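Structure first, then comments.
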Amino acid sequence: MGRTRDAGCVAAGVVIGAGACYCVYRLTWGRDENEKIWDDDEESSDGAETGVETERSAQANPGPVTTARVETDPVVKAEVGSGVKSGSDLKVEAYSGPQSGGGLEAKAKALFKVLKEQASAKMGRGGRMSIISGNRTLAPSLPCPGGRGGGCHPTRSKAGGKASGKSKGKPKSKSTKPPAAACPGRRVKFNFPYKIDDLLGTAELQKVLNILERSNDPFIQEVALVTLGNNAAYTFNQNAIRELGGVPIIAKMIKTKDPIIREKAYNALNNLSVIAENQGKIKTYISQVCDDTVICRLDSAVQMAGLRLLTNMTVTNHYQHLLSYSFPDFFALLFLGNHFTKIQIMKLIINFTENPGMRKELLGSKVPSELISLFNKEQDRETLLNVLTIFENINDNIKSEGFASSKKEFSRNSLFFLFKESGVCVKKIKALANHTDLVVKVKVLKVLTKL
Numbered sequence: 354m355g356r357t358r359d360a361g362c363v364a365a366g367v368v369i370g371a372g373a374c375y376c377v378y379r380l381t382w383g384r385d386e387n388e389k390i391w392d393d394d395e396e397s398s399d400g401a402e403t404g405v406e407t408e409r410s411a412q413a414n415p416g417p418v419t420t421a422r423v424e425t426d427p428v429v430k431a432e433v434g435s436g437v438k439s440g441s442d443l444k445v446e447a448y449s450g451p452q453s454g455g456g457l458e459a460k461a462k463a464l465f466k467v468l469k470e471q472a473s474a475k476m477g478r479g480g481r482m483s484i485i486s487g488n489r490t491l492a493p494s495l496p497c498p499g500g501r502g503g504g505c506h507p508t509r510s511k512a513g514g515k516a517s518g519k520s521k522g523k524p525k526s527k528s529t530k531p532p533a534a535a536c537p538g539r540r541v542k543f544n545f546p547y548k549i550d551d552l553l554g555t556a557e558l559q560k561v562l563n564i565l566e567r568s569n570d571p572f573i574q575e576v577a578l579v580t581l582g583n584n585a586a587y588t589f590n591q592n593a594i595r596e597l598g599g600v601p602i603i604a605k606m607i608k609t610k611d612p613i614i615r616e617k618a619y620n621a622l623n624n625l626s627v628i629a630e631n632q633g634k635i636k637t638y639i640s641q642v643c644d645d646t647v648i649c650r651l652d653s654a655v656q657m658a659g660l661r662l663l664t665n666m667t668v669t670n671h672y673q674h675l676l677s678y679s680f681p682d683f684f685a686l687l688f689l690g691n692h693f694t695k696i697q698i699m700k701l702i703i704n705f706t707e708n709p710g711m712r713k714e715l716l717g718s719k720v721p722s723e724l725i726s727l728f729n730k731e732q733d734r735e736t737l738l739n740v741l742t743i744f745e746n747i748n749d750n751i752k753s754e755g756f757a758s759s760k761k762e763f764s765r766n767s768l769f770f771l772f773k774e775s776g777v778c779v780k781k782i783k784a785l786a787n788h789t790d791l792v793v794k795v796k797v798l799k800v801l802t803k804l
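Quick note: to get this note's numbering, add 353 to the position in the sequence shown (first position is 1).
Rendered as structure tokens:
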């Protein structure tokens, strides 16, 4: 039992000593190899490795050592233990010859050789370094000595040029993907001949109208409509667009399903509707504009553009009768829409209240009872001034036409009954007499004097 224990201790000591010697030897060998790899001299790799091996042999066996050139005496390679193999797996097996020195260093070298062969067999590489037609490269399968950022060192050739250091893999095949311009789903860039804010002449306007009429591209249609709308802000271009037949071309765009195109078409028609001659052309499409404005998405840009166009078209009394069927829808939008929609609806209703020919249709229209809530001091100034103006105009119409004596003609949910017979509006208006806003207070006092 004692001998077994002694044998175990001896074996353990041998293993520990061999490991320590291997670590020291490994570090020293790695540093020397790192210095050799980054050496800028144009010496061949065989000569450099032979010099290192000869020097280490001299350190292991003290005594006079004669150094020989590898290029001229191939026998020295065998003596120092650098066996060179030929073929597709050409490589250098360092320290493959007989080693001298004995003891733990010899065991460490043998252990290192076994580990190296196992790693080479596993990774499919023959050795750490390869010599191919005079070039010195590093095998990427093993970690590089010196550990510069974890990557391999670049390749250095005899000519001094630097390579990428990456192993040459399978060359990438050329892509068969068609270019971007050949893709059918990609829109080809169109250079519009003018800027949207350019002031155009008659010839240029005709060219833009032709582009708008012939193109089916929404982007081109939008740019053309914006260009025409900006030019329609000037009186001489308003006449020119009408004379060129531009009103039907622009109005055709309100039939599209694209809300952006419809919005730009409404804006262009709105600028054209400033003069009476153009209103005579636009009246053909006013019913379609009204229907689209009522049923489109609430508070959308399309709805606001349509309301502005209808407001311009009802400034005069010539075409208001074309919208009389939509009075209930307009009043409903007063409570469904946001602040801007309410203001635009009120401006439209004020135009109707100023037309004596529309009084009966307006007073007989059905309105929601929530209209009374607009007479509230919490409302902003613009809302209060508009709703007070509507009440003032309706009250004047009732007095001038004598509708008070024929109140049986109107139902209880009509505008006439809500403003005149219920008495609720009058109470709400009197409560606004003490409003903090001076402008609103003056307007309230003016309305109360007419009751």
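The beta carbon of each residue, even a glycine, is placed where N, CA and C say it ideally should be. All values reported here derive from a predicted model rather than from experimental measurement.
Check your understanding: Could you give the C-beta distance for residue 652 and residue 694, rounded to a whole number, given that I count them as a contact under 8 Å?
Key -> Taking 8 Å as the upper bound for CB-CB distance, residue 652 and residue 694 are in contact here, some 5 Å apart.
Review point. Using DSSP with H/G/I as helix, E/B as strand and the rest coil, what is residue 718?
Key: Three-state DSSP puts residue 718 in coil, outside helix and strand.
Check your understanding: Where does residue 767 fall in DSSP's three states?
Key -> It is a strand residue.
Practice item. Name the residue from 658, 699, 633 and 552 whose alpha carbon lies nearest to the alpha carbon of residue 671. Key: With distances taken between Cα atoms, residue 671 lies closest to 633.
Point to revise | Length of the line joining the Cα atoms of residue 614 and residue 679 | key: If you draw a straight line from the Cα of residue 614 to the Cα of residue 679, it comes to about 24 Å.
Check your understanding: Does the Cβ of residue 587 have 16 or more other Cβ atoms within 10 Å, making it buried, or fewer, making it exposed?
Key -> Its Cβ having fewer than 16 others within 10 Å, residue 587 is exposed.
Exercise for review: Report the three-state DSSP secondary structure of residue 628 (helix, strand or coil).
Suggested key: DSSP, read as helix, strand or coil, puts residue 628 in coil.
Review point. Assuming residue 663 and residue 640 make a contact with CB atoms under 8 Å, what is their CB distance in whole Å?
Key: For residue 663 against residue 640, the beta-carbon gap comes to about 10 Å, at or over 8 Å, which does not count as contact.
Practice item. Go ahead and pull the three-state DSSP assignment for residue 569. Key: Coil.
**Study point:** Local Cβ density within 10 Å of residue 555, reported as buried at 16 or more and exposed below that
**Key:** With fewer than 16 Cβ atoms within 10 Å of its Cβ, residue 555 is classed as exposed.
Check your understanding: Unbroken alpha helix (DSSP H) runs of length 4 or more, entirely within the region 683-742: which are they?
Key -> When DSSP assignments are scanned along the region 683-742, the uninterrupted stretches of alpha helix (DSSP H) that are 4 or more residues long and fall wholly within it turn out to be 692-706 and 712-716.
Point to revise | Same chain, Cβ closer than 8 Å to residue 568, neighbours up to 5 away in sequence not counted | key: Excluding sequence positions up to five before and after residue 568, its CB lies within less than 8 Å of the CB of 574 and 577, all in the same chain and listed in chain order.
**Study point:** Range of the contiguous alpha helix (DSSP H) that encloses residue 609
**Key:** Looking at the DSSP string, residue 609 is not in any alpha helix (DSSP H), and its letter there is neither H nor E.
Check your understanding: For residue 768, does the count of other Cβ atoms within 10 angstroms reach 16, so buried, or fall short, so exposed?
Key -> Flag for residue 768 reads buried.
Review point. When the Cα atoms are used, what is the spatial distance from residue 594 to residue 584?
Key: In this structure, the straight-line span from the alpha carbon of residue 594 to that of residue 584 is close to 9 Å.
Point to revise | Meets three-Cβ-pair contact criterion under 8 Å: the region 784-801 and the region 696-704 | key: Segments in contact, no.
Review point. So what's residue 650 in DSSP terms, helix, strand or just coil?
Key: Coil, per DSSP.
Review point. Distance, Cα to Cα, residue 646 vs residue 654?
Key: Rounded to the nearest angstrom, the two C-alpha atoms are 10 Å apart.
Exercise for review: Can you say whether residue 718 is buried or exposed, counting buried as having 16 or more other CB atoms within 10 angstroms of its CB?
Suggested key: Under this definition residue 718 is a buried residue.
Check your understanding: Going along the chain, which residues of its own chain have a beta-carbon closer than 6 Å to the beta-carbon of residue 628, five neighbours each way excluded?
Key -> Exclusion of the five residues before and after residue 628 leaves 591 as the residues of its chain whose Cβ lies within less than 6 Å of its Cβ.
**Study point:** Exposure label - residue 712; buried when at least 16 CB within 10 Å
**Key:** Burial call: buried.
Review point. Using DSSP with H/G/I as helix, E/B as strand and the rest coil, what is residue 614?
Key: Residue 614 carries a helical assignment under DSSP once its states are collapsed to helix, strand and coil.
Review point. On the three-state DSSP scale, how would you describe residue 678?
Key: DSSP places residue 678 in the helix class (H, G or I) of the three-state scheme.
Review point. Who are the Cβ neighbours of residue 547 in its own chain at under 8 Å, not counting the five residues just before and after it?
Key: The beta carbon of residue 547 sits closer than 8 Å to those of 553, 557, 561 and 580, all from its chain and outside the five residues before and after it, given in chain order.
Review point. Mind checking residue 689: buried by the 16 CB within 10 Å criterion, or exposed?
Key: Here residue 689 is exposed, its C-beta having fewer than 16 other C-beta atoms within 10 Å.
Practice item. Could you check which residue in 626, 742 and 710 has the C-alpha nearest to that of residue 753? Key: Comparing Cα-Cα distances from residue 753 to each of 626, 742 and 710, the minimum goes to 710.
Point to revise | Closer than 7 Å: residue 639 CB and nearest the ligand SAH heavy atom | key: No copy of the ligand SAH appears in this structure; indeed no ligand is present at all.
Review point. When the distance is taken between beta carbons, is residue 636 closer than 8 Å to residue 582?
Key: Going by C-beta atoms, residue 582 is not nearer than 8 Å to residue 636.
Review point. Looking at the structure shown, is residue 659 part of a helix, part of a strand, or coil, going by DSSP?
Key: DSSP places residue 659 in helix when its eight states are reduced to three.
Check your understanding: When burial is assigned at 16 or more other CB atoms within 10 Å of the CB, is residue 736 buried or exposed?
Key -> Answer is buried; the Cβ neighbour count reaches 16.
Review point. Is the CB-CB distance between residue 658 and residue 631 below 8 Å?
Key: In this structure, the beta-carbon distance from residue 658 to residue 631 does not fall below 8 Å.
**Study point:** Classification of residue 358 by the beta-carbon crowding that lies within 10 angstroms, buried from 16 upward
**Key:** Taking all protein chains shown into account, residue 358 has fewer than 16 neighbouring C-beta atoms within 10 Å of its C-beta and is therefore exposed.
Review point. Which class does residue 479 belong to by DSSP, given the choice of helix, strand or coil?
Key: Summary for residue 479: the model assigns pLDDT 41, below 50, so the residue's position carries little reliability; its value from the coordinates is reported in the next sentence. Here residue 479 sits in coil by DSSP.
Point to revise | Check whether residue 728 and residue 740 have beta carbons under 8 Å apart | key: A contact, by the Cβ cut-off of 8 Å.
Practice item. For residue 352, count neighbouring Cβ atoms within 10 angstroms of its own Cβ and tell me buried if that reaches 16, exposed if not. Key: Residue 352 is absent from the structure shown; the chain starts at 354 and stops at 804.
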